[in-house]
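Okay, so the sequence shown: first residue is 9 according to my numbering, each after it adds one.
Below is one structure, written out as structure tokens; comments come after it.
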Amino acid sequence: MDSIQIQSSKNDFSISQDEKSTNCQKSHGSERKKFKKDEAKYTLKKREMKNLESYQQAALLCLMNSKCSFSVEHPGKQSKVTVTMPRLVNLYIDKQEIEVAKLADTQSQLIMKKEVAGGVSQTTSTRRYEKNKRIFTQNFLFDLCLEYGFWFESKPSRKSKKSHQMERITRIYYKDTYLMNQTKMMELGKAVNSFLFSNIINDKRVTINQNNSKLSDIKKSFGLNDILFM
9 MDSIQIQSSK
19 NDFSISQDEK
29 STNCQKSHGS
39 ERKKFKKDEA
49 KYTLKKREMK
59 NLESYQQAAL
69 LCLMNSKCSF
79 SVEHPGKQSK
89 VTVTMPRLVN
99 LYIDKQEIEV
109 AKLADTQSQL
119 IMKKEVAGGV
129 SQTTSTRRYE
139 KNKRIFTQNF
149 LFDLCLEYGF
159 WFESKPSRKS
169 KKSHQMERIT
179 RIYYKDTYLM
189 NQTKMMELGK
199 AVNSFLFSNI
209 INDKRVTINQ
219 NNSKLSDIKK
229 SFGLNDILFM
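So, in structure tokens, the structure goes:
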């Protein structure tokens, strides 16, 4: 009788262990699904922010074209999943040449050297270097626009010790006039980006003169007349 009870006890223990194993597998399965879902959301958000970055730069260049000329060059390889923007090289404003690309490179090189000296790997510091160059260029354009009568409602990107913060524009104004929201800015940027890339297909670098007729036409299609910016 005792042996039967012992056997029964062993079976109960075996069932209990099986239940624990099944529950554990379910728990791990749920965690993996949640991780993959969160990872997909993060990747999508990252792509959206990269697209915003590209279109924002193109839109700012278009608006500033009423005040200056600029040169851009082909960025080299293009991303297949996010929007690629031409590389801004120089700005020509008030008879002055501003070597934006060189300024961005110099500032970002200094940061990279400090990081490498502090133990950051060359691969990681190089990735951050490229990102810092893009953010420097964006913020330089942002500040320049402020000097010439444009102003913005914006939100800074997430604060990070790894790279600079970038202002993400939500609304654009010129002096006392409201121009557009973020959605329209991205539409404008998309049109401008396409125009710029069409000019650097054959030439690695091109200069877009002040008050370029094609950019003026693009602005007009968004209800913006160059007379407004005089």
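Here a beta-carbon is modelled for each residue, glycine too, at the ideal position from N, C-alpha and C.
{"Asked": "The alpha helix (DSSP H) enclosing Phe237, as first and last residue numbers", "Found": "Looking at the DSSP string, Phe237 is not in any alpha helix (DSSP H), and its letter there is neither H nor E."}
{"Asked": "Within 8 Å, strictly: CB atoms of Cys153 and Leu223", "Found": "no"}
{"Asked": "Arg176 in three-state terms, based on DSSP", "Found": "strand"}
{"Asked": "Residue from Phe230, Asn207, Lys198 whose Cα sits closest to the Cα of Tyr63", "Found": "Lys198"}
{"Asked": "Exposure of Pro164, with buried meaning 16 or more beta-carbon neighbours within 10 Å", "Found": "exposed"}
{"Asked": "Proximity winner among Gly127, Met57, Val91, relative to Leu204 (alpha-carbon distances)", "Found": "Val91"}
{"Asked": "Leu111 versus Arg142: straight-line alpha-carbon distance, rounded", "Found": "11 Å"}
{"Asked": "Lys103, buried or exposed, once every other Cβ within 10 Å from all chains shown has been counted against 16", "Found": "exposed"}
{"Asked": "Minimum C-alpha distance to Glu81 - residue among Leu71, Lys75, Val97", "Found": "Val97"}
{"Asked": "Of the listed residues Arg166, Ile235, Gln218, nearest to Met174 (C-alpha basis)", "Found": "Arg166"}
{"Asked": "Local conformation of Ile14 per DSSP, three classes", "Found": "Residue placement at Ile14 cannot be trusted, given a pLDDT of 42 that sits under 50; what the coordinates show is reported in the next sentence. Note: Ile14 maps to helix in three-state DSSP."}
{"Asked": "From Arg136, Gly231, Gly126, Trp159, residue whose alpha carbon lies closest to that of Ser116", "Found": "Arg136"}
{"Asked": "Closest residue to Ile119 among Glu107, Ile101, Lys139, Tyr100 (Cα-Cα distance)", "Found": "Lys139"}
{"Asked": "The beta strand (DSSP E) enclosing Asn98, as first and last residue numbers", "Found": "95-101"}
{"Asked": "For Glu61 and Gln146, believed in contact at Cβ under 8 Å, the rounded distance", "Found": "7 Å"}
{"Asked": "Three-state class that DSSP yields for Tyr137 in the structure shown", "Found": "helix"}
{"Asked": "Outcome for Asn217 when other beta-carbon atoms lying within 10 angstroms are tallied against a minimum of 16", "Found": "exposed"}
{"Asked": "For Thr294, the three-state DSSP class (helix, strand or coil)", "Found": "Absent from the structure is residue 294, since the part of the chain shown begins at 9 and ends at 238."}
{"Asked": "Whole-number beta carbon distance between Cys70 and Lys227, since they are thought to touch under 8 Å", "Found": "6 Å"}
{"Asked": "Nearest to Ile180 (by Cα), restricted to the options Thr51, Gly127, Gln65, Lys54", "Found": "Gln65"}
{"Asked": "DSSP-derived helix/strand/coil call for Glu107", "Found": "coil"}
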